[in-house]
Every structure is written in structure tokens, then in C-alpha cells.
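A.B. asks:
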Amino acid sequence: PSSCKAAERCIRKCVVANSLFPFRKCSKDPKLNLETLSLARLIHLFYKFGLDVAAGTGCIRTCLRSCECDPGLFPSTEGMVEVTKQGRKLCSIGPGKVFGELAILYNCTRTATVTALTDIRLWAIDRQGFQTIMMRTGLIKHSQYTDFLRSVPSFQSLPEDVLSKLADVLEETHYSDGDYIIRQGATGDTCFIISEGQVRIQQDSSAGYSFLPNNLSPRSVCPSLCSEDVRTASVTAVGDVTCLVIDRESVRTFINQTQLGFEEHGPGSGDVALTQRCPDSYCDLDTSSFKTTCCHLVLSSHVLPGLCRLQAEADFFSSVSLTDFNFICTLGMGGFSRVELVQLKSDPSRSFALKVLKKRHILDTSQQGHIVSERRIMMEAHSPFIIRLYRTFRDSKYLYMLLEACLGGELWTLLRDRGSFDDGTTRFYAACVIEALAFLHSRGIIYRDLKPENIILDHRGYAKLVDFGFAKKVGLGKKTWTFCGTPEYVAPEIILNKGHDSSADCWSLGILVFELLSGSPPFSGSDPMKTYNIILRGIDMVEFPKKITKSAANLIKRLCRDNPSERLGNQKNGVKDIQKHKWFEGFNWDGLRALLTSCACPQVDGPLDSSNFDYFPEDTEDPPPDEESGWDLEF
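Once you know that position 489 of the sequence shown is 1247 in the numbering used here, the rest is easy, because the numbers rise by one and skip nothing.
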């Protein structure tokens, strides 16, 4: 029916125009564009939740009552609605507009009331359906590109993690018969890989055009098209052609030209000396003095003492119980947990932080998976830049995490009191965070909740990451689609449900450096949805305060590139690229690992001094009900 076609056009227009949906202009041929098929599936999902709302009725309440799931993103195809918050009118919305976007990102409390001003027709989509489509789209597209690159002879020798990153930056382009893909004499910095079809290469000589001996077919890469600033040949499509395009800088970022089987050579002249290869020297170098010595050094200086120390710790903490500690005071509290400072009865010089979590609240909010993951990751995170988790306990009401006591206070509290930090102080704290992230990323773990509130200082002033509730082990070169994080620190690909990896932490690192230097994050709105829209505009739209130096601004902008593959720290040299940035020039990284003196050493008078923390009253709430379903057996 014509009414259905009109509704479909309206929904399509809403979806394509909304910043939350990462759909480019779709191809005329659905076979050529996976996003076209995904858009069609989304529109079909909207049709599952179509309903009429009478004038004067609450729209969201009606949808929640009519739908079996919690829907979000409501396109209005007919009529008008009014949005109010606490009785105050915010705006009116007419046909072709959407509301309720935040609900498709994560489970959140509705912050506004939407009332129908006239009889209207609404279409809704549920969060799970939306996220499933976006995840499948991302996985299928990434898998197709990776498999294709693996089949291209020039790329077959590349490791999987490099192929995965290259797949992320590929752009698909389409050409018709006779279209110029490249014109001779033009400048360019892109590399073309033929995905479908054939192309003809021709060169202009003094006698006219001449054709090169062979046309290029699918899975072909022309070396000259990846290495030359000025194109030395023209390339035209023979029939319909699909190319995967990657800019030359991305190729250089992730791989060496020699890995592809071609390398740039400039003209040169001069004398060279030719000598015969001496195989005996290579043989001696390979088999003699180094191996035994290196093995001896590792065994005698690092591995065995470290293993002995960790084993001694494990033996000690396996024998302690909650009754072996005295309660001193509360160091912090959150939605369903408190952190207490406790003292070991048998050794008053030793104090710890005991995190206490309500089991019932964890179950009611479906956080079991996050808590179990947090325990597993932290028990194996033996880094001086990550707070230690020594052991866990459980009873019928609570879970307990026995943590290292870092009594220098929260970095957020120090930032709040000072307003902002200078370059040197920020550089030191950022370096500590970089070391922690390098440790996690090398093990395929994403942190996903970097912010000043989750960084704590020990008695020497060293910064350590705490709170691993959002951390996840995804593996090297893999992605995850869970929406989580603090709004001001969330990377664009998380907002757009494109899937994210450790590069999301690189983005958050850039936000952290900006906030430490200026006192506030670069992206901030009056509500999460506005913050997300500001983030999607990009870091280049942010006006940097004068107190942020040019080199610091350059670091921040390179960490906060919209394309994850372009971010510093997510390229072939990993975190080393961040450490070598000019903002860190002269910084003593070896000294940091050897525990050099902090530039902001806190005042800590003994193992029971809690003066660097805010005051929290004793817990007077009634104990929660018992929870013994058994999901926490490994605690």
C-alpha cells in the first residue's frame, strides 16, 4: 500500500540522517553494499513495533506497555509530539524526526516525557535487535575484507593482526565501464586493490597511448599505484569494477613496503664495495656465546625471583580470612559497593583496601559477567601500574575483593582541588597510564573506563588503574560490541556500534590528557545524548585552551582520530609511537619503570592514613537480602 511505502521512506530518511546510524549513501545494487542490506533489516525491525498513539497520551509509556521488549528510537511519521522534563517544555517534534535514541545504546532511565499533541503514528526499534544488526554488519564486513586481503598474493605474508587493522581502513568504491580510476599525471596517495572486475592500464608516450602488456584482474595490487606521488599511468574500468581503497599513509603505518614485495627506490650514484658473504661468521653469531648467557641472565635475575615472590604472596593470602582484619574507615563508595581500609591483625604495619559488593544488587542489574571478568583480569594483572587484587571472599550477602591499599588518594580529587595540572605533572600521570594500558593491550585486554576517578595514587605518587568492571579480554586483533564507558570518554566507534578494540583506550587517553591539562574534558553536553553528538563532530571541532601547548595538542589530536586505525598507539609500533611523541621528549621511561621520584608525592603518614580521601560516613543501611544462586562460586 502507498501508506506503507510512505512510512518506509520516512523511516529510511530518519535512519540515514541520524548520526547514530553509520550508514553512508547506499549503493543502487544491494549486492554491492552490505550496509544496504543492514538498513533494510533495520527498517523491517521498525515495522515490528508500529503503533498508533492518541492525542494527550504518553508516547514512551504506550510503547513500553505495547512492546514485549524495551524499545528506543521512535521515528514519528505522522502528527506532533511534545517533549517535557520535570514539567518544563523542551521542544516539539514533527514527522520525520526521532526521539529516544539513548535507549538503543544502553539500558538507561528515561529522562524526559514525550506526549502526543495529535493522533500520531510511531515506529520503534528494540535495543537488542538494533545492536545485533550492527554487530553482524561489522563482523561480516570485517571478515569479508580480511579474507579478501588474505587471498591477495601481495598481502599473504602479513600477520593476522596487521590484516585485521588494514581491513578496518579499507573503503569500497565502484566504477562503471570506461570510468577513469586514475589519470596519468595526477597526484595521489591512495592504493587500489581490485575486488571485482578488470581494469586497463595505459601510458601516454610521445607516439600516443600504449597499453601495458597485462590488464589487472581481481586480487591485484599495482605497486606503482601505492608508491608514486605522480601517477605514471592511467587506469580505466573494463566493465563494472569494485576497488578497495586504502591511503598510502595507512599502508606505511601498519606494514613495511618490503613486506608487500615492493619498495620505493630513488635515483643514486657513487662507488660501492662488493664483498663475499662469510657464512662461518653468521653461523658463529647464531650458535655460540649469546644464547646461554641470555638464558642465564633471565633465569637468575628476573623470572625465578618474580615467580618466588608471587608464589609466596599466593601462599600467604590463601591462608587469611576476613576475621584476620580490623576495619579502620571507608575510603570510597559507589552504587553497589564500598571500599574499606582494613588492617592486618597479625601485622599492624600492613593495610589493605577491601571492596565490598552487594550480591543482590549485582544480580538485579545483571552485572554478574562484569564482576566475574573483573576478578579474572585483576588476579592476573601483575603490573606496578595496576592496583593489585590479592584474593577474594564471599558470603551469602556480599562479595569481597582484597586490594592493595594506595593511600595517595584519587587522581580526580587532586585534579578537583588544583583545577588542572602543568605539563610535567600530566606527563608523569599519563606515562603511568600508558604503561598500564601497554600491559593490558599486550594481553588482548581492553580497559574501557579510563577517567580520573579510576586512577589512584600510591604513597609515592605513582598512578595506578583501579575498577576493572568494564575491562574485557577480547584477544589480539579482535573486537567487541558492548556499549559501556563514561559518556565524555566514549570513542565514536562505540557510539556508532561499529565494534571496538584497544584503540578505544587510545581515544580515552587523549581525553584524559586534555582533562588533566585543562580541568575539563573536551566533549561535554547537558545530557549523554548531546555529549555523544558532540563527540561525533570530532576533535578538530574542539577549541583548545591556550594553556595546552602545541605539542600536547598534537598528541591529543593524534590519539583522538575518528578512524581507530589512525590513532597513535594503534599502529604497527603500538604504544612505542606514543612514548616517542615529541610531548614525551626527554621523559625517562626506564626511570619510570624503576620507580623514579614522582613529581607530586602525596603526604602519607603511615599505613592507616586516609587523609587524602574524602570523608564517608559509616554504612547504616540495612543488610541486603541473601543471594545464593551460585553465580559467584569462583570468588
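Idealized CB from N, CA, C, for every residue including glycine.
Label K923 either buried or exposed according to how many other C-beta atoms from any shown protein chain fall within 10 Å of its C-beta, with 16 as the threshold for buried.
C.D. replies: Taking the first residue of the sequence shown as position 1, residue 923 is located at position 165. So K923 counts as buried.
A.B. asks: Roughly how far, in whole angstroms, is the beta-carbon of C1242 from the beta-carbon of F1226, given that I think they are within contact range, below 8 Å?
C.D. replies: As a first step, residue 1242 is located in the sequence shown; it is residue number 484 there, counting from the start. As a first step, residue 1226 is located in the sequence shown; it is residue number 468 there, counting from the start. The Cβ separation is near 12 Å, so there is no contact.
A.B. asks: Label A813 either buried or exposed according to how many other C-beta atoms from any shown protein chain fall within 10 Å of its C-beta, with 16 as the threshold for buried.
C.D. replies: As a working mapping, residue 813 is identified with position 55 in the sequence shown. Classification for A813: exposed.
A.B. asks: From N1255, S901, L1157, Y1156, pick the residue whose C-alpha is nearest to that of I862; which is it?
C.D. replies: As a working mapping, residue 862 is identified with position 104 in the sequence shown. Among N1255, S901, L1157, Y1156, the Cα nearest to that of I862 belongs to N1255.
A.B. asks: What does the alpha-carbon distance come out to for the pair E1168 and A1196?
C.D. replies: Looking up residue 1168 in the sequence shown gives position 410. Looking up residue 1196 in the sequence shown gives position 438. One C-alpha to the other measures close to 21 Å.
A.B. asks: Tell me the DSSP bridge mates of N1084?
C.D. replies: As a first step, residue 1084 is located in the sequence shown; it is residue number 326 there, counting from the start. In DSSP, N1084 forms a bridge with Q1101.
A.B. asks: Nearest to P1365 by alpha carbon, out of T990, Q1101, D935?
C.D. replies: Residue mapping note: residue 1365 aligns to position 607 of the sequence shown, counting from 1. If we check each option's Cα against that of P1365, Q1101 comes out closest.
A.B. asks: Just mark S934 as buried or exposed, buried being the case when its beta carbon has 16 or more other beta carbons within 10 Å.
C.D. replies: For this step, residue 934 is matched to residue 176 along the sequence shown. Answer is exposed; the Cβ neighbour count stays below 16.
A.B. asks: Whole-angstrom Cβ separation of A1188 and L1350, contact assumed at under 8 Å?
C.D. replies: Residue 1188 sits at position 430 when you count from the first residue of the sequence shown. Residue 1350 sits at position 592 when you count from the first residue of the sequence shown. 11 Å between Cβ atoms; not a contact.
A.B. asks: Excluding five sequence neighbours on each side, which residues of the same chain lie with their C-beta closer than 6 Å to the C-beta of C1087?
C.D. replies: Taking the sequence shown and counting its residues from 1, the one referred to as residue 1087 is at position 329. The residues are L1099, S1368.
A.B. asks: Can you give me the C-alpha to C-alpha distance between P1381 and I1120, rounded to a whole angstrom?
C.D. replies: Here the question's residue 1381 lines up with position 623 in the sequence shown. Here the question's residue 1120 lines up with position 362 in the sequence shown. One C-alpha to the other measures close to 14 Å.
A.B. asks: Tell me whether E930 sits in a helix, a strand or coil according to DSSP, three-state version.
C.D. replies: Taking the first residue of the sequence shown as position 1, residue 930 is located at position 172. Looking at E930 - three-state DSSP - the assignment turns out to be strand.
A.B. asks: Any idea if R1146 is buried or exposed, counting beta-carbon neighbours within 10 angstroms, 16 or more meaning buried?
C.D. replies: For this step, residue 1146 is matched to residue 388 along the sequence shown. With 16 or more Cβ atoms within 10 Å of its Cβ, R1146 is classed as buried.
A.B. asks: Taking only three categories from DSSP, how would you classify Y1148?
C.D. replies: Your numbering for residue 1148 matches position 390 in the sequence shown. Strand, per DSSP.
A.B. asks: Keeping to the same chain, check which residues put their C-beta closer than 8 Å to that of L1068; ignore five residues upstream and five downstream.
C.D. replies: Along the sequence shown, read from residue 1 onward, the residue named residue 1068 stands at position 310. Hits under 8 Å: H1140.
A.B. asks: Which same chain residues, not among the five before or five after S720, have their C-beta less than 6 Å away from its C-beta?
C.D. replies: Look at the range of the chain in this structure, 759 to 1393, and you will see that residue 720 is not part of it.
A.B. asks: Since I1004 contacts V957 with CB under 8 Å, what's their CB separation in whole angstroms?
C.D. replies: Counted from its first residue, the sequence shown places residue 1004 at position 246. Counted from its first residue, the sequence shown places residue 957 at position 199. The pair is not a contact, with the Cβ atoms about 16 Å apart (cut-off 8 Å).
A.B. asks: Spell out whether any CB of chain C is found under 8 Å from the CB atom of I891.
C.D. replies: The structure shown contains no chain C; it holds only a single protein chain.
A.B. asks: Quick one: residues in its chain with C-beta nearer than 7 Å to the C-beta of G1344, no 5 flanking neighbours on either side, listed in chain order?
C.D. replies: The residue labelled residue 1344 in the question sits at position 586 within the sequence shown. Nothing meets the Cβ criterion.
A.B. asks: Grab the span of the beta strand (DSSP E) containing S1109 for me, first residue to last.
C.D. replies: As a working note, residue 1109 is residue 351 in the sequence shown. That run of the beta strand (DSSP E) goes 1109-1116.
A.B. asks: Just the C-alpha distance for R1118 and N1346, rounded to the nearest angstrom, thanks.
C.D. replies: The count along the sequence shown starts at 1 and reaches residue 1118 at position 360. The count along the sequence shown starts at 1 and reaches residue 1346 at position 588. The alpha-carbon atoms of R1118 and N1346 are separated by roughly 47 Å.
A.B. asks: Would you kindly work out how many angstroms separate the C-alpha atoms of A991 and I940, rounded to a whole number?
C.D. replies: One-based indexing of the sequence shown puts residue 991 at position 233. One-based indexing of the sequence shown puts residue 940 at position 182. Approximately 8 Å between the Cα atoms of the pair.
A.B. asks: Could you pull out every residue in the same chain whose Cβ sits closer than 7 Å to the Cβ of E836, ignoring the five residues on either side in sequence?
C.D. replies: By 1-based counting over the sequence shown, the position of residue 836 is 78. So the qualifying residues of the chain are P853, I878, R879.
A.B. asks: Please classify E1193 as buried or exposed, where buried requires at least 16 neighbouring CB atoms within 10 angstroms.
C.D. replies: Start at 1 with the first residue of the sequence shown, and residue 1193 comes out as number 435. Classification of E1193: buried, given that the 10 Å Cβ count is 16 or more.
A.B. asks: Based on the DSSP output, what are the partners of Q889 in its beta bridges?
C.D. replies: As a first step, residue 889 must be located in the sequence shown, where it is residue number 131. Q889 pairs with nothing; no bridge assigned.
A.B. asks: I need the DSSP call for C772, collapsed to helix, strand or coil.
C.D. replies: The residue you call residue 772 lines up with position 14 of the sequence shown. C772: helix per DSSP, three-state reduction.
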